[in-house]
Amino acid sequence: MEKKYLHIAAGIIKNSNDEIFITQRSADSHMGGFWEFPGGKLEQGETSEQALIRELKEEVGITVTHCELIDTITHDFPDRSITLDFFLVDEWKDEPFGKEGQPSRWVLQSKLIADEFPPANRGVVDFLTKNGCH
Numbered sequence: 001m002e003k004k005y006l007h008i009a010a011g012i013i014k015n016s017n018d019e020i021f022i023t024q025r026s027a028d029s030h031m032g033g034f035w036e037f038p039g040g041k042l043e044q045g046e047t048s049e050q051a052l053i054r055e056l057k058e059e060v061g062i063t064v065t066h067c068e069l070i071d072t073i074t075h076d077f078p079d080r081s082i083t084l085d086f087f088l089v090d091e092w093k094d095e096p097f098g099k100e101g102q103p104s105r106w107v108l109q110s111k112l113i114a115d116e117f118p119p120a121n122r123g124v125v126d127f128l129t130k131n132g133c134h
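In UniProt numbering, the protein residues as written are 1 to 134.
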């Protein structure tokens, strides 16, 4: 059976207090229960940045006004292969919240816990907690 391939844009939404906004995956989704940086799959013809802007509006209700690609990671699961483009989002309009009813919270960047995130995200979480992201 051929593996499913997904290209995903994820936003590391960081406020001026060095807090990162994260959301929790629904229990019935792939990697359910883990915390994540909000975002989603690219649609046909979309760039990663366009997908990020669309997904953050749909998922957490913000309008991104500035973002910067900080890392791209490819991760293989038994049933799928994913490419994740991680963007630092440091300017936006409106206040983020779990627009689809998903739990959400602000966490100090230094207090992020890699094991609370899906395996594909853990390298970025480690980078954020050890090196910071400005």
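Glycine included, each C-beta is placed from N, C-alpha and C at the ideal position. On a predicted model such as this, the values are computed, not experimentally measured, just so you know.
Cβ atoms of residue j and residue i: under 7 Å apart, would you say?
i   : j    : result
I8  : I82  : yes
G11 : L69  : no
D71 : V124 : yes
W35 : E116 : yes
Taking the alpha carbon of residue i as the point to measure from, which residue in the options has its own alpha carbon closest?
i    : options              : result
K14  : D126, E100, W92, D28 : W92
S110 : S29, T47, F21        : F21
T23  : F77, G33, T63        : G33
H75  : H30, E2, P119        : P119
Quickly, what does DSSP pair residue i with across the bridge? List them, please.
i    : result
I53  : DSSP lists no partner for I53.
V64  : W92
R105 : I22
S81  : Y5, D76
I113 : Paired residue(s): none; I113 is not in a bridge.
Take residue i and list the residues in its own chain whose beta-carbon comes closer than 7 Å to its own, dropping the five residues that flank it on each side.
i   : result
T65 : E91, W92, K93
Can you give me the C-alpha to C-alpha distance between residue i and residue j, rounded to a whole angstrom?
i    : j   : result
E43  : E58 : 14 Å
R105 : K4  : 30 Å
N121 : F77 : 13 Å
E19  : L6  : 28 Å
Only counting the same chain, and skipping five residues up and downstream in sequence, which positions put a Cβ closer than 6 Å to that of residue i?
i   : result
M31 : R25, P118
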